[in-house]
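**Q** First the structure, which I've put down as structure tokens, then a few questions once you've had a look.
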Amino acid sequence: NNLPLAALLVGGPAAGGAMFLLNKLIGDQVSRFASVQYSIQGPWADPKITFDKPFDKN
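So, in structure tokens, the structure goes:
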């Protein structure tokens, strides 16, 4: 969600506006495929990481 703001600061108003529109059009789809749910159990010295759901398909 911060990508349009970063584009505005770096690329100017045109880039910021384009990134804002792109984020509104396909932002939810990208977020679903970029999300991972995982759990961490065990001691600090030897944690066990398990991936519960690689992608949110809702």
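Just so we're on the same page, the working numbering is the position in the sequence shown counted from 1, plus 33. Glycine is no exception: its CB is placed at the ideal position from the N, C-alpha and C atoms.
Have a look at asparagine 73 and alanine 47 and give me their C-alpha separation to the nearest angstrom.
**A** The sequence given here has isoleucine at residue 73, not asparagine. Cα-Cα distance, rounded: 42 Å.
**Q** To which residues does DSSP link glutamine 74 through a beta bridge?
**A** Glutamine 74 is bridged to Lys81.
**Q** Roughly how many angstroms lie between the CA atoms of phenylalanine 53 and glycine 44, to the nearest whole one?
**A** Rounded to the nearest angstrom, the two C-alpha atoms are 13 Å apart.
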